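Input: a single structure, listed below in structure tokens.
Residue numbers (this note's numbering): 1081 to 1778.
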């Protein structure tokens, strides 16, 4: 009974080798090398027996029907020859294709191919070996016999409107994992499915993309067609703003999309973000500014598409032209509306998001001391410096990283990694993929084309794949005399993911390896917590890290930000730029850049509702009340995430103007976090707005 079951299982495994080699490979992944070898030898032997039986039956029929000679020695010899040749070539082909790891996949291919070769050679011998070989290959891999049933199912759906999903799931694409030949009209079939049921249709596209590797091109083509049709129907900026939300499935198929399609997807995402910024604008000035940015990005997208070869270029171009027309019409409407309304004070202030480079903006003000310190450390590149940019929450660390490339020389290529993005920290494969993708995109912006590996490539051995890719990239960097500045923003999120188990400690080993052994890479990390405040021993991994402290703005820098953030800023302050109104903003914010921008943002909006262009002391008080609400998440984070219960009690005493006695450890902690400061022996809040928020909420 046991022998019978074992034979049944082996025959089923041979069936998998022929029709489901990927599934077979995955099913034996848990076996050790010795067990795999025993299984493969057993299946190879059983395949030989099956081939002999089939050849014997066919040769017997041929002998009795046509007098075909029956020679057992030749049958055994040529059948074994065909089986062996098939397995050897299958292993070689499997390794070359790289669909599954190791030679197990190639052996599975070889067993399937070997049976066909063994039968063919066993019947006719080597007299016409070229023809035999060709027929075996066509039947084993191209599977040309699938064309007819596939076309029948497609035509039944296309012309007779029969149930599409039932017919699709009863077609060769579901029967067999290994069809090298592109199935005709498969992309059309997939598009038809999405028309019948979008969600189910996209699920089938994902199935083809992930489970049928040789038919991915059809899946990509279908996805492209669906995306273009979706976006071609947009008639408003609201719909353009939802473009990335309307096609979230693009990220699922990113690895199987063409590079051109991937580039188009990134451009669409940028355009969608610009459209959202326009819709969220709080004033006509910001609306026009963001609309101009949106228009420029769409025009740039059009230029890219014109230069793009293949279907992506000419198919997406009408979409970009339609969007361009929508934006022009919106600009005309806004311009006409602006003529008939009160000329608002432009509100350029940004809070909550990093300040990005812009020609006419001075929102990224100061920081020259930080830039110079980074430059001086990079100048001594022979020591491979590791830089740690430390600053408390919302002090402008991300803004420094994003603006850094325009201050550094052409030798440096900055690759920005946002560790707060869940896609970066969901696993080792995601982390390594994000690193390679960010570096590749940064190099492309500088005119160097270095393709990054597909996400699937990082699944088994992510650090090995990344290391090999680094080796290749460094050759280009050395030739072009370039250095990669690997900027990791909010490094604490890496530790959180490690402690949750999403990432392994090997991530830090990888960083240490880059620091110690990659001559053309410089690591720059930022965070609001010092290295010794975290659980893991970061100092052991960030060898000789040089800490650069990022503090608040100077009073002069804050004054520029308040009074002259852009050209033609029409807000005036009672008493002028050095008057008590401006000084009140400086004093209550202590030049904390996030709070300066938040307070000025609310002030401009308030004055626009009053149809006034001069700020007085009472207006600052009104803006303070508003900012305690609009910036509530900032204050709440400091209060609940950065302060212990004992520290909260100390702050409540300080709010009540009671002296702080004892508790030296907590006091020092609050000073280190820049919540309080010691002035002439007296403790006070470093930022008065923090004191006001505690008074209001506790």
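C-beta atoms are modelled at their ideal positions from N, C-alpha and C, and glycine is treated no differently.
Bear in mind the structure is a predicted one, so any value in this text is a computation, not a measurement.
Check	Outcome
With residue 1757 as the anchor, note down where its alpha helix (DSSP H) starts and where it stops.	No alpha helix (DSSP H) holds residue 1757; the beta strand (DSSP E) holding it covers 1756-1759.
According to the neighbour-count rule (16 or more other Cβ atoms, all chains shown, within 10 Å of its Cβ), is residue 1672 buried or exposed?	buried
Given a cut-off of 7 Å, decide if residue 1435 and residue 1479 are closer than it, judged by their beta-carbon atoms.	yes
Within 10 angstroms of its Cβ, does residue 1076 collect 16 or more other Cβ (buried), or is it exposed?	The structure shown has nothing for residue 1076, since the chain only spans 1081 to 1778.
Look up residue 1470 in the DSSP assignment and say whether it is helix, strand or coil.	strand
Keeping to the same chain, check which residues put their C-beta closer than 7 Å to that of residue 1482; ignore five residues upstream and five downstream.	1434, 1436 and 1496
Could you give the residue range of the beta strand (DSSP E) that holds residue 1606?	1601-1607
Specify whether the region 1697-1715 and the region 1765-1775 touch according to this definition: at least 3 beta carbon pairs, one from each stretch, less than 8 Å apart.	yes
Can you tell which of 1644, 1230 and 1122 has the C-alpha that lies nearest to the C-alpha of residue 1091?	1122
Under DSSP, the beta strand (DSSP E) around residue 1498 begins and ends at which residues?	1492-1498
Within this structure, are the beta carbons of residue 1445 and residue 1730 separated by less than 7 Å?	no
Run through DSSP, which three-state label would residue 1632 get?	coil
Among the residues of its own chain, which have a CB less than 6 Å from the CB of residue 1526, if the five just before and after it don't count?	1493
Taking just the CA atoms, how far does residue 1488 sit from residue 1452?	9 Å
Run through the region 1276-1364 for me and flag every whole alpha helix (DSSP H) of 4 or more residues, listed as ranges in chain order.	1278-1291, 1296-1312, 1317-1321, 1323-1326, 1329-1332 and 1339-1359
In three-state DSSP terms, what is residue 1586?	helix
Rounded to whole angstroms, what's the CA-CA distance from residue 1758 to residue 1738? Just pull it up for me.	14 Å
If I measure Cβ to Cβ from residue 1498 and keep anything under 6 Å in the same chain, skipping five residues before and after, which residues do I get?	1569
Using only the alpha-carbon positions, how far apart do residue 1610 and residue 1677 sit?	26 Å
Which word fits residue 1389, buried or exposed, when buried means at least 16 other C-beta atoms lie within 10 angstroms of its C-beta?	exposed
Is it buried or exposed, residue 1311, if we count other Cβ atoms within 10 angstroms and call 16 or more buried?	buried
Enumerate in chain order the residues of its own chain whose CB-to-CB distance from residue 1648 is below 8 Å, with the five nearest sequence positions on each side excluded.	1426
On the DSSP bridge assignment, give the partners of residue 1567 in chain order.	1496 and 1604
So, are the CB atoms of residue 1474 and residue 1714 less than 7 Å apart?	yes
When you compare the region 1304-1321 with the region 1352-1368, are there three or more beta-carbon pairs, one atom per stretch, that lie closer than 8 Å?	yes
Do residue 1725 and residue 1750 have their CB atoms nearer than 7 Å?	no
Fully enclosed by the region 1625-1676, which beta strand (DSSP E) runs are 3 residues long or longer?	1625-1629
List the endpoints of the continuous alpha helix (DSSP H) containing residue 1246.	1244-1248
Out of 1098, 1307, 1107 and 1239, which one is the CA nearest neighbour of residue 1223?	1098
Three-state secondary structure (DSSP) at residue 1538?	helix
Could you spell out the range, first to last residue, of the alpha helix (DSSP H) harbouring residue 1503?	1502-1505
Classify residue 1444 as helix, strand or coil using the three-state DSSP reduction.	coil
Count the other CB atoms within 10 Å of the CB of residue 1229; is the residue buried (16 or more) or exposed (fewer)?	exposed
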